[in-house]
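**Student:** Line by line, the protein sequences give chains A and B.
Using our numbering, the letters of the first sequence map in sequence onto residues 1 to 321.
Using our numbering, the letters of the second sequence map in sequence onto residues 1 to 270.
Note that CB positions come from ideal geometry on N, CA and C, so glycine has one too.
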Amino acid sequence: MAVTEASLPRRILTTPTAGPLAALILACVFFSLNSEQFLTGGNFSLIIQQVMVVGTLAIGQTLIILTAGIDLSNGAIMAFGGIVMAKLSLSIPPLVAIGAGLAVCAAFGLINGLLVTKIVLPPFIVTLGMLNVVFALTHIYSQDQTVTGLPPELTFLGQTFQLGDTRVTYGSVLTIALFLLFAYLLGHTAWGRHVYALGNSPEIARLTGIRTDRLTVGVYSLAGLVYGIAALLLVSRTGVGDPQAGQTDNLDSITAVVLGGTSLFGGRGQVLGTLIGALIVGVFRNGLQLMGVPSIYQTLITGILVILAVAVDQLSRRRTR
Amino acid sequence: MTTAVLQARGLVKRYGHVTALDGADFDLMPGEVLAVIGDNGAGKTTLIKALTGAIQPDSGEILLDGKRVRFSDPLEARRHGIETVYQDLAIAASLDIATNMFLGRELRRPGVLGKVFRMLDKPRMRAASAEYMAELKIGLRSLSVPVESLSGGQRQGVAVARAVAWASHVVVMDEPTAALGVKESGQVLDLIRRVRDRGLPVVLISHNMPHVFEIADRIHVQRLGRRVAQLKPGEHSMAEVVAIMTGALTVSEGKAVIADKDAAEAIGLS
């Protein structure tokens, strides 16, 4: 029997990111009809700046959710990484301070990964515990003080360059580049395929010869490193080391992942979907703000969107069974 | 005398107080379909897992082509050319067929793209998968759809095709027809025949006596963690084999002997 490829329209319709992308476009159309300022380069540049920190956290979150895990500690790890970078940069060379912050974040990811694989604890519990541990460490280490007067290396990503008639931050470019990098790694390397296989079923992956423990530890560590980059973005955006930062970013990153069509059951989803998910949140916040809707309604609508997204995921899974 | 392709002597595996394998032996001859049958809890799956590296026996030895081997994980068994189709655990549902065929053994692009950027060679993997599928006469609409959108028989076909594509020594299948309808089961049995015709010995674990009698060259009967008989389907009736499996009959010097008179009478064999 002949083996043929699925037709293009069918492939587009069955792409998991089709729904989120349609939602994003619809939202953009809606807001541009309701606000003249919405559809401008400057406004979009602002939206990307507003979502880049949570978006970058959500890259790590996507990796972990694809393995059927979850990370509640990513916002706290980022805050700690930011404080480490900020405090150290006052006494040692700033680039070394940045490296130290990245390493600390990766190390927390590594600990999460080891606890999940070696002691076989549920990721929810491990990262819930880690959330509290790291939150406390952040406040102990910073003595609850905001770190100010940072060297320019730490705020470079917050600076802008001219693109057409729009000013774009270097951080926005880095964030988009990270999304593209991970889309490539997940979609076009053996490592990426193994992450999906692991999320489908750890036992199947193991029997196929994939070293599942090593892969899981690697995913958590890599996610930690990405949180470190998010920390640098955060510091560059705010210009200070803030121990109070990122307290709801763990849940916001999960929101972005889910809105992007990645399944919380693991093994299904796209990191570019997460970018779309983060943008959906950003567009709604920004658009509703431009329309003069009180901010509490933005939260309300985000909540409804999340439930809708999970419901769609669940229903589509049921249909394919 | 021909050497067995895969052999085991005195395998023991305990899980706490439960003894799953109690000195089990096993012999697979070249080019045969060997059915492994046994009641629930007889240790069929444990035996197969030990032979394929998924678990490590507490004692006993495994020989491949007469040489002693130890498999510390499934990957090592696969390196020795033993491929397994595990029941319900064969393929990753959300990945496509070509990805599943090459899972854990991906091909990379030649040159810099593959070496530096570790880029997968999807076209080459797809083409090779299509070839295997065609060779085993497994008809599929598309190789790029996720496996979960296929029927049960097609999924099993993909799992079997993968095993056959990589196996150089032995293909092991755990209940390959368990979840399938009549027509699909027939297709999988045909597939097993085609695998044997290519010269690969097949170990088939099954509960389905008609299937076993249809396809097996020999039957290994597992009971209470041991091999209690090796039979040829033509020399025994299905009822006899079931009786041996449940302990109503025992085998001595190739002949079935009544062990449990009441039980044998109950199934009309005395």
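If residue 245 of chain B and residue 37 of chain B are in contact, beta carbons under 8 angstroms, what's the gap, nearest whole angstrom?
**Tutor:** Stepping through the second sequence from its first residue, residue 245 of chain B is reached at position 245. Stepping through the second sequence from its first residue, residue 37 of chain B is reached at position 37. That belief holds up - the Cβ atoms of residue 245 of chain B and residue 37 of chain B are roughly 6 angstroms apart, short of 8 angstroms.
**Student:** Secondary structure at residue 253 of chain A, three-state DSSP: helix, strand or coil?
**Tutor:** Numbered from its first residue, the first sequence carries residue 253 of chain A at position 253. Three-state result, residue 253 of chain A: helix.
**Student:** Indicate whether residue 154 of chain A and residue 89 of chain A have their beta-carbon atoms separated by less than 8 angstroms.
**Tutor:** Here residue 154 of chain A is taken as the residue at index 154 of the first sequence, counted from 1. Here residue 89 of chain A is taken as the residue at index 89 of the first sequence, counted from 1. Yes; because the gap between Cβ atoms is below 8 angstroms, this pair is in contact.
**Student:** Could you check whether the Cβ of residue 13 of chain B sits closer than 8 angstroms to any Cβ belonging to chain A?
**Tutor:** Within the second sequence, numbered from 1, the residue matching residue 13 of chain B stands at position 13. No, residue 13 of chain B does not count as interfacial toward chain A.
**Student:** List the residues that DSSP assigns as beta-bridge partners of residue 173 of chain B.
**Tutor:** By 1-based counting over the second sequence, the position of residue 173 of chain B is 173. According to DSSP, residue 173 of chain B bridges with B:85 and B:204.
**Student:** Of all the alpha helix (DSSP H) runs that stay within the bounds of the stretch 194-240 of chain B, which reach a length of 4 or more residues?
**Tutor:** Listed in chain order, they are 209-215.
**Student:** Would you call the CB atoms of residue 170 of chain A and residue 182 of chain A closer than 8 angstroms?
**Tutor:** Taking the first residue of the first sequence as 1, we reach residue 170 of chain A at position 170. Taking the first residue of the first sequence as 1, we reach residue 182 of chain A at position 182. Cβ distance not < 8 angstroms, so residue 170 of chain A and residue 182 of chain A don't count as in contact.
**Student:** Could you list which residues in chain A have their beta carbon closer than 7 angstroms to that of residue 94 of chain B, in chain order?
**Tutor:** For the purposes of this step, residue 94 of chain B is taken as residue 94 along the second sequence, with counting starting at 1. By Cβ distance, chain A contributes 196, 200, 267 and 268.
**Student:** So what does DSSP say about residue 144 of chain B, is it helix, strand or coil?
**Tutor:** Working through the second sequence from its first residue, we reach residue 144 of chain B at position 144. Here residue 144 of chain B sits in coil by DSSP.
**Student:** Determine which residues share a DSSP beta bridge with residue 162 of chain A and list them.
**Tutor:** Here residue 162 of chain A refers to the residue found at position 162 when the first sequence is read from its first residue. Per DSSP, A:167.
**Student:** Using a cut-off of 9 angstroms between C-beta atoms, extract the partners of residue 272 of chain B located in chain A.
**Tutor:** This structure cannot settle anything about residue 272 of chain B, because the visible part of chain B is limited to 1 through 270.
**Student:** Can you confirm whether residue 69 of chain A, when its beta carbon is compared against all beta carbons of chain B, has any partner nearer than 8 angstroms?
**Tutor:** Numbered from 1 along the first sequence, position 69 holds the residue referred to as residue 69 of chain A. It does not: the Cβ of residue 69 of chain A has no partner Cβ on chain B nearer than 8 angstroms.
**Student:** Roughly how many angstroms separate the alpha carbons of residue 172 of chain B and residue 62 of chain B, rounded to a whole number?
**Tutor:** Here residue 172 of chain B refers to the residue found at position 172 when the second sequence is read from its first residue. Here residue 62 of chain B refers to the residue found at position 62 when the second sequence is read from its first residue. Straight-line Cα distance between these residues: approximately 15 angstroms.
**Student:** For residue 3 of chain A, which three-state DSSP category applies?
**Tutor:** Position 3 of the first sequence, counted from the start, is the residue given in the question as residue 3 of chain A. Because the pLDDT at residue 3 of chain A is just 43, under 50, the model does not fix this residue reliably, and the value given afterwards should be weighed accordingly. Coil.
**Student:** Kindly give me the distance between the Cβ atoms of residue 147 of chain B and residue 97 of chain B, rounded to whole angstroms, as I take these residues to be in contact under 8 angstroms.
**Tutor:** Residue numbering aside, residue 147 of chain B sits at position 147 when the second sequence is read from its first letter. Residue numbering aside, residue 97 of chain B sits at position 97 when the second sequence is read from its first letter. Right, the Cβ-Cβ distance comes to about 6 angstroms (below 8 angstroms), so this counts as a contact.
**Student:** Does any residue of chain A have a CB that is nearer than 8 angstroms to the CB of residue 234 of chain B?
**Tutor:** Walking along the second sequence from the start, residue 234 of chain B turns up at place 234. Cβ-Cβ to chain A under 8 angstroms: no for residue 234 of chain B.
**Student:** Would you kindly report the start and end of the unbroken beta strand (DSSP E) that includes residue 60 of chain B?
**Tutor:** On the second sequence, residue 60 of chain B is found 60 positions in, with the first residue counted as 1. 59-64 is the span of the beta strand (DSSP E), which, as asked, contains residue 60 of chain B.
**Student:** Could you tell me which uninterrupted alpha helix (DSSP H) segments, each at least 4 residues in length, are contained entirely in the stretch 217-266 of chain A, listed from first to last along the chain?
**Tutor:** Complete alpha helix (DSSP H) runs here, min 4: 249-259.
**Student:** Which ranges would you report for the alpha helix (DSSP H) in the stretch 92-151 of chain A if only whole runs of at least 4 residues count?
**Tutor:** Listed in chain order, they are 94-118 and 123-142.
**Student:** Return yes when the Cβ of residue 121 of chain B is within less than 8 angstroms of the Cβ of residue 114 of chain B, no when it is not.
**Tutor:** If you number the second sequence from 1, residue 114 of chain B lands on position 114. If you number the second sequence from 1, residue 121 of chain B lands on position 121. Yes. Within cutoff.
**Student:** Output the distance between the C-alpha atoms of residue 4 of chain B and residue 54 of chain B, rounded to the nearest integer angstrom.
**Tutor:** Counting from one through the second sequence, the residue named residue 4 of chain B turns up at place 4. Counting from one through the second sequence, the residue named residue 54 of chain B turns up at place 54. About 21 angstroms.
**Student:** For a contact defined as C-beta to C-beta under 7 angstroms, what are the partners of residue 184 of chain B on chain A?
**Tutor:** Working through the second sequence from its first residue, we reach residue 184 of chain B at position 184. Near residue 184 of chain B there are no residues of chain A at all, since even the closest Cβ is about 15 angstroms away, more than 7 angstroms.
**Student:** Take residue 127 of chain A as the anchor and find which of A:75, A:264 and A:230 has the nearest alpha-carbon.
**Tutor:** Taking the first sequence and counting its residues from 1, the one referred to as residue 127 of chain A is at position 127. Residue A:75 is the option with its Cα nearest to residue 127 of chain A.
**Student:** Tell me whether the beta-carbon of residue 312 of chain A lies closer than 8 angstroms to the beta-carbon of residue 62 of chain A.
**Tutor:** In the first sequence, residue 312 of chain A corresponds to position 312, counting from 1. In the first sequence, residue 62 of chain A corresponds to position 62, counting from 1. Not in contact: residue 312 of chain A and residue 62 of chain A (Cβ atoms no closer than 8 angstroms).
**Student:** What residue range does the beta strand (DSSP E) around residue 7 of chain B cover?
**Tutor:** Taking the first residue of the second sequence as 1, we reach residue 7 of chain B at position 7. Its beta strand (DSSP E) spans residues 6-15.
**Student:** Who are the near neighbours of residue 73 of chain B in its chain, counting only those whose CB is closer than 7 angstroms to its CB and skipping five residues on each side?
**Tutor:** Your numbering for residue 73 of chain B matches position 73 in the second sequence. Around residue 73 of chain B: 53.
**Student:** Here's the rule: buried if 16 or more other CB atoms are within 10 angstroms of the residue's CB, otherwise exposed. What is residue 208 of chain A?
**Tutor:** Residue numbering aside, residue 208 of chain A sits at position 208 when the first sequence is read from its first letter. Per the 10 Å Cβ criterion, buried.
**Student:** Could you check how far apart the C-beta atoms of residue 282 of chain A and residue 20 of chain A are, in whole angstroms? I think they sit under 8 angstroms.
**Tutor:** Here residue 282 of chain A refers to the residue found at position 282 of the first sequence. Here residue 20 of chain A refers to the residue found at position 20 of the first sequence. Not quite, the Cβ-Cβ distance comes to about 13 angstroms (not below 8 angstroms), so this is no contact.
**Student:** If you measure from the beta carbon of residue 1 of chain A to each beta carbon in chain B, is any gap under 8 angstroms?
**Tutor:** Taking the first sequence and counting its residues from 1, one reaches residue 1 of chain A at position 1. Reliability fails at residue 1 of chain A, whose pLDDT of 36 lies under 50, so the model's placement of it is uncertain and the value that follows must be treated cautiously. Cβ-Cβ to chain B under 8 angstroms: yes for residue 1 of chain A.
**Student:** I need the straight-line Cα distance from residue 19 of chain B to residue 105 of chain A, nearest angstrom please.
**Tutor:** The count along the second sequence starts at 1 and reaches residue 19 of chain B at position 19. The count along the first sequence starts at 1 and reaches residue 105 of chain A at position 105. So the two alpha carbons sit approximately 46 angstroms from each other.
**Student:** Give a yes or no on whether the minimum CB-CB distance between residue 32 of chain B and chain A is below 8 angstroms.
**Tutor:** For the purposes of this step, residue 32 of chain B is taken as residue 32 along the second sequence, with counting starting at 1. False, the Cβ-Cβ gap to chain A never drops below 8 angstroms.
**Student:** State the DSSP-derived secondary structure class of residue 124 of chain B, mapped to helix, strand or coil.
**Tutor:** Along the second sequence, one-based indexing puts residue 124 of chain B at 124. Looking at residue 124 of chain B - three-state DSSP - the assignment turns out to be helix.
**Student:** Checking contacts by CB at 8 angstroms: is residue 334 of chain A closer than that to chain B?
**Tutor:** Chain A is shown only over 1 to 321; residue 334 of chain A falls outside these bounds and no answer can be derived.
**Student:** Output the distance between the C-alpha atoms of residue 192 of chain B and residue 221 of chain B, rounded to the nearest integer angstrom.
**Tutor:** For the purposes of this step, residue 192 of chain B is taken as residue 192 along the second sequence, with counting starting at 1. For the purposes of this step, residue 221 of chain B is taken as residue 221 along the second sequence, with counting starting at 1. Whole-angstrom Cα-Cα distance: 20 angstroms.
**Student:** Please list the partners that residue 237 of chain A has in chain B, where partner means a Cβ-to-Cβ separation under 7 angstroms.
**Tutor:** Taking the first sequence and counting its residues from 1, the one referred to as residue 237 of chain A is at position 237. Chain B residues near residue 237 of chain A: none, gap ~31 angstroms exceeds 7 angstroms.
**Student:** Is it buried or exposed for residue 206 of chain A, if we count other Cβ within 10 angstroms and need 16 for buried?
**Tutor:** Residue 206 of chain A sits at position 206 when you count from the first residue of the first sequence. Buried: at least 16 other Cβ atoms inside 10 Å.
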